[in-house]
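Working notes, structure below.
2 protein chains.
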Amino acid sequence: MPGAAEAATGTLDVAASLARRDAVVHDRDDSAQVPWLEDRGITLVRGRGRLDGPQRVRVGDRVLTAERAVVVATGSDATMPPIDGLAAARPWTNREATTAAEAPARLVVLGGGPVGVEMAQAWQTLGSEVTLVEAGEHVLAHEEPFAGEQVQEALRAYGVDVRTGRRAESVARDGDSVSVTLDDGVALTADELLVALGRTPRTGDIGLETVGLQPGESIETDQHLHVPDEPWLYAVGDVNGRALLTHQGKYQARIAADHICGRANASVVYGGKLSPRVVFTEPQVASVGYTLAAAQEAGVDARALDADVNDTAGASFFGNGVAGRARLVVDENRRVLVGATFTGADVADFLHAATIAIVGDVPVDRLWHAVPSFPTRSEVWLKLLESYGL
Amino acid sequence: MPGAAEAATGTLDVAASLARRDAVVHDRDDSAQVPWLEDRGITLVRGRGRLDGPQRVRVGDRVLTAERAVVVATGSDATMPPIDGLAAARPWTNREATTAAEAPARLVVLGGGPVGVEMAQAWQTLGSEVTLVEAGEHVLAHEEPFAGEQVQEALRAYGVDVRTGRRAESVARDGDSVSVTLDDGVALTADELLVALGRTPRTGDIGLETVGLQPGESIETDQHLHVPDEPWLYAVGDVNGRALLTHQGKYQARIAADHICGRANASVVYGGKLSPRVVFTEPQVASVGYTLAAAQEAGVDARALDADVNDTAGASFFGNGVAGRARLVVDENRRVLVGATFTGADVADFLHAATIAIVGDVPVDRLWHAVPSFPTRSEVWLKLLESYGL
């Protein structure tokens with residue numbers, strides 16, 4: 015892997031890493047995907063679309079009329095909270111943070127959610143001095159507490175200056191530098207500022223008002239991704255606010271398409287806040303369903319099973335030094351899994367086993383007979399289920 | 015990872031790799047595990063045990079009498095087929111092949127099963143010139159044909175001289191070198207010879223005849239790992255011939271222990287030839303349940319779903335150049351999975367998702383709602399299920 019290979023024995027090759035990134039995203043040119051549309055007889059109209067009354071979409075001078083349905087999939091933008099001076103300081107959003115051509119010498123990141131922690135660790139690794147500001151007690155507030163703690167500890171070990179329990183009160187740009195004043199009076203100075211404080215649906219200027227909907231809000235949908243009372247209107251992806259994850263957008267798109275094509279029972283069966291999700295930090299955080307706290311809050315008679323991912327023979331293939339923990343959340347009444355979290359090196363592909371167990375309602379007593387292979391890290395499942403008394 | 019790290023940009027450090035291997039297996043000293051026994055009040059008797067009539071085991075001068083049960087777990091040895099001169103040539107078995115202190119300059123491997131291909135690739139990587147002799151059409155005969163083909167191609171790309179459709183007819187050692195004559199008359203000369211032609215249960219000299227059983231054979235067990243007609247005798251692991259895999263031995267041990275302790279319904283639910291299994295080559299081969307051919311042979315109305323593991327966004331994290339393919343085998347009558355095979359770089363932990371789907375009898379229509387995270391290689395599940403028409 016160009017760039018990363020050098021890091022195995024020496025120092026990351028930053029230029030090669032960024033070149034690899036650009037190659038993977040085809041330099042942000044989507045033309046390679048156009049033949050896929052053409053092969054299926056799909057017309058691509060490039061431009062900014064706005065709804066223009068029922069079943070109508072205007073793109074510049076062109077008006078398109080839908081025979082069956084219009085699907086809104088405009089996504090979301092980084093939220094720009096009303097922090098004094100923030101917008102005027104031209105902060106980075108996720109977009110600049112994932113495409114910048116070089117590492118700023120100093121970077122301040124506002125927000126310790128997935129975007130904040132991923133980008134803080136990435137740019138610190140690529141050479142920036144990063145300061146991360148998080149209002150809560152620790153980063154990744156919606157995940158299991160141990161996940162946030164491990165990522166926070168890793169960020170600090172990488173050299174990131176993590177400031178928890180702090181908010182930015184004001185921001186000011188002065189030429190090439192930007193200063194951020196926190197609520198404890200401390201002033202941080204950096205070359206770039208990344209705002210990662212949530213997402214806003216991109217519905218402000220797409221003509222929602224022409225069909226009686228409220229601009230700027232998420233578009234509310236039923237389980238078919240269908241907008242109630244508008245038989246021709248669907249909304250998929252970030253714009254409906256269900257689950258701001260690419261794979262959930264794709265899943266929703268397929269359901270909407272099936273429903274439009276007449277499969278009346280095409281519905282979201284498992285998604286929303288419970289969707290599988292991965293934070294691509296070191297350690298990675300891969301989770302699905304409820305955390306223990308969220309399960310209890312939802313009224314589930316929940317019990318957590320915990321084990322160390324590294325306490326398996328298979329872990330020896332992954333070297334040492336990256337923390338790793340696994341937690342399953344069991345619904346004690348139904349004796350099925352309702353949540354799972356894995357942390358560690360390269361645990362992203364661990365998750366699907368838990369997703370299948372949860373979505374498939376596989377009883378925990380049955381799971382015990384799904385024996386993971388020796389020597390793999392999947393043997394952590396044995397330890398988890400043994401701790402349940404199976 | 016010592017040894018392997020150097021290979022990312024340069025050359026494998028052989029000495030460091032072998033030192034790492036020895037460290038991982040604690041230099042074959044199991045004393046670190048003794049406290050685990052002591053903590054549980056388990057007495058360890060070191061020595062060679064032999065059955066000595068019902069419920070009795072003799073270890074040297076000591077005779078132990080079991081109140082409840084005797085569990086035979088003596089494992090298996092490498093099979094030494096009656097090839098002229100083979101035994102006298104002092105061939106390596108899996109044991110020497112996994113513990114040798116240095117790479118022989120030339121190594122001939124007899125057998126293209128899991129041990130043969132793993133060791134051929136390992137020693138070729140560690141500096142040996144390896145020749146692999148396999149009687150069948152391709153290596154890994156019990157796995158999906160594409161798995162054997164990919165591993166065979168990889169072995170050749172690594173420089174292994176793979177000879178398929180060939181058997182050794184005679185072997186002769188002459189001092190430090192050993193010669194192997196194949197059934198096509200070709201004579202191979204090497205420094206070491208590895209015999210990897212199957213396993214033989216280690217029951218030849220354990221006193222089976224004192225309890226009316228046949229020495230040298232696998233010990234037949236029922237689904238409780240219990241030996242029929244001998245209420246006090248159990249056999250777990252390779253010695254019963256069910257599934258020659260460490261994790262299946264552990265699974266069986268737990269079932270036997272539960273049954274001995276009075277849980278009358280403790281039984282093998284999923285195991286034997288269908289057990290999950292991983293071949294640790296590059297590409298890895300991870301499989302569970304039936305291959306397509308084995309399912310058809312078993313009378314299952316089977317359909318195969320195929321996809322390329324590398325045709326996912328997540329594959330970009332694993333570099334390029336390692337072949338990878340996924341196959342699911344669906345039982346068309348029950349609409350559940352009955353088999354799965356994954357090949358590729360680091361797919362060992364992929365397998366557990368399929369194992370849970372199979373053991374949990376999760377309907378394929380339900381699996382479609384278990385949405386893998388973007389961008390992970392688990393998204394190959396989407397492609398597999400889409401190809402089924404879901």
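Chains V and S, in that order, are what the protein sequence lines are. Quick note: the first sequence uses my numbering, first residue 15, plus one each step. Quick note: the second sequence uses my numbering, first residue 15, plus one each step. Glycine is no exception: its CB is placed at the ideal position from the N, C-alpha and C atoms.
Original post:
Are any of the Cβ atoms in chain S nearer than 8 Å to that of R339 (chain V)?
Top reply: For the purposes of this step, residue 339 (chain V) is taken as residue 325 along the first sequence, with counting starting at 1. Judged by the 8 Å Cβ criterion, R339 (chain V) is not in contact with chain S.
Original post:
When DSSP labels each residue in this structure, what does Y402 (chain S) get in the three-state scheme?
Top reply: Walking along the second sequence from the start, residue 402 (chain S) turns up at place 388. DSSP places Y402 (chain S) in coil when its eight states are reduced to three.
**OP:** Give a yes or no on contact between the stretch 102–112 of chain V and the stretch 198–216 of chain V, applying the rule of three or more CB pairs nearer than 8 Å.
**Re:** yes
Subject >> Short CB-CB distance (under 8 Å) between T357 (chain V) and chain S >> reply: As a working mapping, residue 357 (chain V) is identified with position 343 in the first sequence. Chain S, which has no Cβ nearer than 8 Å to the Cβ of T357 (chain V), makes this no.
Original post:
Going by DSSP, what residues sit across from A182 (chain V) in a beta bridge?
Top reply: Looking up residue 182 (chain V) in the first sequence gives position 168. Under DSSP, A182 (chain V) forms a beta bridge with V:L196.
Original post:
In the DSSP assignment, what are the bridge partners of R72 (chain S)?
Top reply: The residue labelled residue 72 (chain S) in the question sits at position 58 within the second sequence. Beta-bridge pairing links R72 (chain S) to S:R64 and S:V77.
Original post:
Could you check where the alpha helix (DSSP H) with L49 (chain V) kicks off and where it finishes?
Top reply: Your numbering for residue 49 (chain V) matches position 35 in the first sequence. First, the amino acid is wrong: residue 49 (chain V) is Pro here, not Leu. Taken as a continuous stretch (DSSP letters only), the alpha helix (DSSP H) holding P49 (chain V) covers V48 to D53.
**OP:** Count the other CB atoms, across all protein chains shown, that sit within 10 Å of the CB of L125 (chain V); report buried if there are 16 or more and exposed otherwise.
**Re:** As a position in the first sequence, residue 125 (chain V) is number 111, starting the count at 1. According to the sequence shown, residue 125 (chain V) is Gly rather than Leu. By the neighbour-count rule (16 or more Cβ atoms within 10 Å), G125 (chain V) is buried.
Original post:
Name the chain V residues that come within less than 9 Å of E20 (chain S), Cβ to Cβ?
Top reply: Residue 20 (chain S) sits at position 6 when you count from the first residue of the second sequence. What E20 (chain S) touches in chain V: A22 and T23.
Subject >> Reference D153 (chain V), options V:S142, V:Q166 and V:V144, closest by Cα >> reply: As a working note, residue 153 (chain V) is residue 139 in the first sequence. Asp is not the amino acid found at residue 153 (chain V); the sequence shown has Val there. V153 (chain V) has its Cα closest to that of V:Q166, out of V:S142, V:Q166 and V:V144.
Subject >> Span separating the alpha-carbon of V379 (chain V) from that of E234 (chain S) >> reply: The residue given as residue 379 (chain V) occupies position 365 in the first sequence. The residue given as residue 234 (chain S) occupies position 220 in the second sequence. Residue identity differs from the one stated: residue 379 (chain V) is Asp in this sequence, not Val. Using only the alpha carbons, I get a separation of about 27 Å.
Original post:
Got a sec: which bits of the stretch 45–77 of chain V sit with their beta carbon under 8 Å from any beta carbon on chain S, in order along the chain?
Top reply: none
Original post:
From R187 (chain V) to A102 (chain V), what does the alpha carbon distance come to, in whole angstroms?
Top reply: Here residue 187 (chain V) refers to the residue found at position 173 when the first sequence is read from its first residue. Here residue 102 (chain V) refers to the residue found at position 88 when the first sequence is read from its first residue. Each residue's Cα considered, the two are about 8 Å apart.
Original post:
Which residues in the same chain have their Cβ closer than 6 Å to the Cβ of L3 (chain S), if we skip the five residues on either side of it in sequence?
Top reply: Outside the displayed range of chain S (15 to 404) lies residue 3 (chain S), so it cannot be described from this structure.
Original post:
List, in order along the chain, the chain S residues whose C-beta lies closer than 7 Å to that of D363 (chain V)?
Top reply: The residue labelled residue 363 (chain V) in the question sits at position 349 within the first sequence. Residues of chain S passing the Cβ test: D363, F364, T390, R391 and S392.
**OP:** Would you please state the rounded distance, in angstroms, between the beta carbons of A92 (chain V) and R213 (chain V)? I believe it to be under 8 Å.
**Re:** Numbered from its first residue, the first sequence carries residue 92 (chain V) at position 78. Numbered from its first residue, the first sequence carries residue 213 (chain V) at position 199. Their Cβ separation, rounded to whole angstroms, is 7 Å, which keeps A92 (chain V) and R213 (chain V) in contact under 8 Å.
**OP:** Identify the contact partners of G328 (chain S) in chain V, using a Cβ-Cβ distance below 8 Å as the criterion.
**Re:** Along the second sequence, one-based indexing puts residue 328 (chain S) at 314. Result: A362 and D363.
**OP:** With DSSP collapsed to three states, give me the class of Y284 (chain V).
**Re:** Counting from 1 along the first sequence, the entry for residue 284 (chain V) is found at position 270. Three-state result, Y284 (chain V): coil.
**OP:** Return the bridge partner residues of T406 (chain V) from the DSSP annotation.
**Re:** Nothing about residue 406 (chain V) can be reported from this structure: the residues present for chain V run from 15 to 404 only.
Original post:
Which residues share a DSSP beta bridge with W246 (chain V)?
Top reply: Residue 246 (chain V) sits at position 232 when you count from the first residue of the first sequence. According to DSSP, which records beta bridges pairwise, W246 (chain V) is partnered with nothing at all.
Original post:
Is DSSP giving L202 (chain S) helix, strand or coil here?
Top reply: As a first step, residue 202 (chain S) must be located in the second sequence, where it is residue number 188. In this structure, L202 (chain S) counts as strand in the three-state DSSP scheme.
**OP:** Could you check if I372 (chain V) is buried or exposed, using at least 16 other CB atoms within 10 Å of its CB as the buried criterion?
**Re:** By 1-based counting over the first sequence, the position of residue 372 (chain V) is 358. Buried, because 16 or more other Cβ atoms sit within 10 Å of the Cβ of I372 (chain V).
Original post:
Any beta-carbon of chain S closer than 8 Å to the one on Y402 (chain V)?
Top reply: As a first step, residue 402 (chain V) is located in the first sequence; it is residue number 388 there, counting from the start. By this cut-off, Y402 (chain V) is not an interface position.
**OP:** Identify, in the order they occur along the chain, each residue of the same chain with its Cβ nearer than 8 Å to the Cβ of V352 (chain V), setting aside the five sequence neighbours on each side.
**Re:** Here residue 352 (chain V) refers to the residue found at position 338 of the first sequence. Result list for V352 (chain V): G303, Y304, A309, V314, A316, V343, V344, D345 and I372, in chain order.
Original post:
For the candidate residues S:V73, S:V122, S:P389 and S:R349, whose alpha-carbon lies nearest to that of N324 (chain S)?
Top reply: Counting from one through the second sequence, the residue named residue 324 (chain S) turns up at place 310. That would be S:P389, whose Cα lies nearest to the Cα of N324 (chain S).
Original post:
Is DSSP giving F331 (chain V) helix, strand or coil here?
Top reply: Here residue 331 (chain V) refers to the residue found at position 317 when the first sequence is read from its first residue. Note: F331 (chain V) maps to helix in three-state DSSP.
Subject >> Nearest candidate by alpha-carbon position, reference D416 (chain V), set V:D375, V:V28 and V:E183 >> reply: Absent from the structure is residue 416 (chain V), since the part of chain V shown begins at 15 and ends at 404.
Subject >> Reduced DSSP category for T145 (chain V) - H, G, I as helix; E, B as strand; rest coil >> reply: As a position in the first sequence, residue 145 (chain V) is number 131, starting the count at 1. Here T145 (chain V) sits in strand by DSSP.
**OP:** Could you pull out every unbroken beta strand (DSSP E) segment of at least 3 residues lying fully inside the stretch 132–176 of chain V, listed in chain order?
**Re:** 143–148
Original post:
Using a C-beta cutoff of 8 Å, does M133 (chain V) count as contacting chain S?
Top reply: What you label residue 133 (chain V) is simply residue 119 of the first sequence in a count that begins at 1. M133 (chain V) does not count as touching chain S.
**OP:** Taking L26 (chain S) as the reference, give the member of S:G17, S:D375 and S:V123 with the closest Cα.
**Re:** Taking the first residue of the second sequence as 1, we reach residue 26 (chain S) at position 12. Looking only at S:G17, S:D375 and S:V123, the smallest Cα-Cα distance to L26 (chain S) is reached by S:G17.
Subject >> Proximal chain V residues relative to I370 (chain S), where beta-carbon distance stays under 7 Å >> reply: Here residue 370 (chain S) corresponds to residue number 356 of the second sequence, with the count starting at 1. Here the neighbours are A367, I370, A371, V376, L381 and A384.
Subject >> Through-space distance from A257 (chain V) to T217 (chain V), alpha-carbon basis >> reply: Residue 217 (chain V) sits at position 203 when you count from the first residue of the first sequence. Residue 257 (chain V) sits at position 243 when you count from the first residue of the first sequence. Roughly 16 Å separates the two Cα atoms.
Original post:
Below 8 Å, can you find three or more Cβ-Cβ pairs linking the stretch 234–248 of chain S to the stretch 272–292 of chain S?
Top reply: yes
Original post:
Closest Cβ-Cβ distance between Y284 (chain V) and chain S: below 8 Å?
Top reply: Walking along the first sequence from the start, residue 284 (chain V) turns up at place 270. So yes, Y284 (chain V) belongs to the interface.
Original post:
Over what stretch of residues does the beta strand (DSSP E) that includes R341 (chain S) continue unbroken?
Top reply: The residue given as residue 341 (chain S) occupies position 327 in the second sequence. It spans R339 to D345 - the beta strand (DSSP E) in which R341 (chain S) sits, taken as one unbroken run.
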